[in-house]
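Numbering (my numbering), first residue to last: 2 to 289.
Here is the structure we will look at, set down as structure tokens.
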Ligand SMILES: [Fe+2]
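What follows is the structure, given as structure tokens:
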């Protein structure tokens with residue numbers, strides 16, 4: 002029992018047009034404006050993976066975790082309620098926005114995240130039509146990518162995501178006062194990572210979201226586009242020590258970062274948990 006994949010992310014944004022520039026020109030995502038003014042962003046067979054709500058503020062609105070079956074979803078909801086969480090079923094209008102068959106929402110206080118558990122996402126009838134010529138995204142069987150948060154309580158957050166939502170621990174990196182734990186729920190090395198509070202970064206802060214390209218060239222082209230468009234780069238191209246992702250990071254108009262990666266290694270039955278004392282093999286120098 003547990004979640005199967007990172008499904009979708011919904012965001013309140015203050016600068017929709019800056020977001021759309023990044024989404025289309027850098028990542029090649031396919032935008033669809035909804036009647037309420039929100040914009041869905043597609044990057045694979047799902048109807049969409051991101052929704053931008055132009056509310057005038059910048060915050061995470063919700064994070065959606067996919068569960069493989071209705072039975073498992075209902076079991077998780079029962080378990081959360083037994084643990085004292087207030088879990089509500091999404092109404093028909095919100096389910097229609099999310100394009101899922103059934104979904105529940107609760108507030109998860111350790112990451113301060115409105116968390117939605119769903120199953121039965123709508124698959125699009127038409128092929129993904131990227132807005133620049135890219136090979137696409139590695140999502141099949143592995144979800145949207147990964148999402149990384151800070152928390153004020155690493156021990157409790159680890160316990161919740163491992164023992165309640167069913168993630169496995171992939172590995173750990175501790176360096177320069179930062180402590181990070183990486184969690185998998187499918188072959189992707191991690192769909193979630195949790196870091197401690199650090200400097201002025203408080204618990205509940207969204208650190209970054211990673212999406213993984215099917216072609217390293219697409220990441221390279223994007224790296225040039227980012228610099229041509231003066232999109233703020235946060236970390237230079239590099240390769241991570243634990244998941245071997247080759248990537249760079251930009252700062253989004255909502256402050257948190259997006260990581261554009263390629264070549265992340267996968268969890269298999271022979272996986273051995275390791276600890277690392279630096280996040281990169283090479284590169285990933287901070288520039289922003
Ligand atoms: Fe990452």
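Beta carbons: idealized from backbone N, C-alpha and C, even for Gly.
Using a C-beta cutoff of 7 Å, does residue i count as contacting chain B?
i, result
"residue 40", "Absence of chain B from the displayed structure is noted, only one protein chain being present."
My output table needs one value for residue i: the three-state DSSP class, helix, strand or coil.
i, result
"residue 281", "strand"
"residue 221", "helix"
"residue 263", "strand"
"residue 1", "Not covered by the structure: residue 1. The range shown for the chain is 2 to 289."
"residue 6", "strand"
"residue 130", "coil"
"residue 136", "coil"
"residue 118", "strand"
"residue 145", "coil"
"residue 19", "helix"
"residue 271", "coil"
"residue 287", "strand"
"residue 243", "coil"
"residue 112", "coil"
"residue 151", "strand"
In whole angstroms, what is the alpha-carbon distance linking residue i and residue j?
i, j, result
"residue 165", "residue 280", "27 Å"
"residue 33", "residue 163", "35 Å"
"residue 188", "residue 3", "14 Å"
"residue 51", "residue 282", "30 Å"
"residue 108", "residue 81", "11 Å"
"residue 244", "residue 75", "32 Å"
"residue 131", "residue 44", "7 Å"
"residue 8", "residue 61", "14 Å"
"residue 268", "residue 97", "33 Å"
"residue 179", "residue 286", "16 Å"
"residue 22", "residue 161", "36 Å"
Beta-carbon separation of residue i and residue j under 7 Å?
i, j, result
"residue 154", "residue 207", "no"
"residue 298", "residue 194", "Lying outside 2 to 289, the shown extent of the chain, residue 298 is not represented and no answer is given."
"residue 157", "residue 123", "no"
"residue 254", "residue 20", "yes"
"residue 202", "residue 151", "yes"
"residue 291", "residue 58", "Missing from the structure shown is residue 291; the chain here goes from 2 to 289 and no further."
"residue 275", "residue 177", "no"
"residue 250", "residue 236", "yes"
"residue 12", "residue 55", "no"
"residue 106", "residue 91", "yes"
"residue 147", "residue 192", "yes"
"residue 221", "residue 135", "no"
"residue 49", "residue 37", "no"
"residue 27", "residue 227", "yes"
Per the contact definition of three or more C-beta pairs closer than 8 Å, is the segment 214-232 in contact with the segment 263-274?
yes
Which ranges does the beta strand (DSSP E) cover as unbroken runs of at least 3 residues, wholly within the segment 30-108, from first to last along the chain?
31-34, 40-43, 51-54 and 60-67
Residue ranges of each alpha helix (DSSP H) run of no fewer than 4 residues wholly in the segment 156-182, ordered along the chain?
none
Okay, do the segment 119-127 and the segment 64-72 touch, 3+ Cβ pairs below 8 Å being the bar?
yes
Go through the segment 181-241 residue by residue and report every complete run of the beta strand (DSSP E) that reaches 3 residues or more, in order.
193-197, 207-213 and 234-241
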